[in-house]
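To start, the structure under review is shown below, and the notes come after it.
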Amino acid sequence: MKQLDERILEYIDRDGMATPHMMARDRAFTASPGHIWERCQMLYCIRFVEPIYNDCTT
Numbered sequence: 042m043k044q045l046d047e048r049i050l051e052y053i054d055r056d057g058m059a060t061p062h063m064m065a066r067d068r069a070f071t072a073s074p075g076h077i078w079e080r081c082q083m084l085y086c087i088r089f090v091e092p093i094y095n096d097c098t099t
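Dropping the structure here:
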């Protein structure tokens, strides 16, 4: 696991949920939203995080 992965998990633990763009705006991150997204995909593959879905119903 990389240091960025630790930051992602800490951010989600603290705030409950987040998108890569939300995390990239935080001063704790120096990575781009794209790089954060890639790491989130890896964390999803090993079941450390779950994706956010838009559950709008009409």
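Under the numbering used here, think of the first position of the sequence shown as 42, with each following residue one higher.
The C-beta atom is built at its ideal place from N, Cα and C for all residues, glycine as well.
The model shown is predicted, which means the values in this text are computed figures rather than measured ones.
Would you mind reading off the limits of the alpha helix (DSSP H) that contains residue i?
i, result
"G75", "74 to 86"
"P61", "61 to 66"
Tell me the DSSP secondary structure of residue i in three-state form.
i, result
"Y52", "helix"
Counting C-beta neighbours from all protein chains within 10 Å, is the total for residue i 16 or more, i.e. buried, or is it exposed?
i, result
"P61", "buried"
"C81", "buried"
"A69", "exposed"
"M58", "exposed"
Taking only the alpha-carbon atoms, compute the straight-line gap between residue i and residue j and give it to the nearest angstrom.
i, j, result
"I87", "M42", "11 Å"
"Y94", "Y52", "19 Å"
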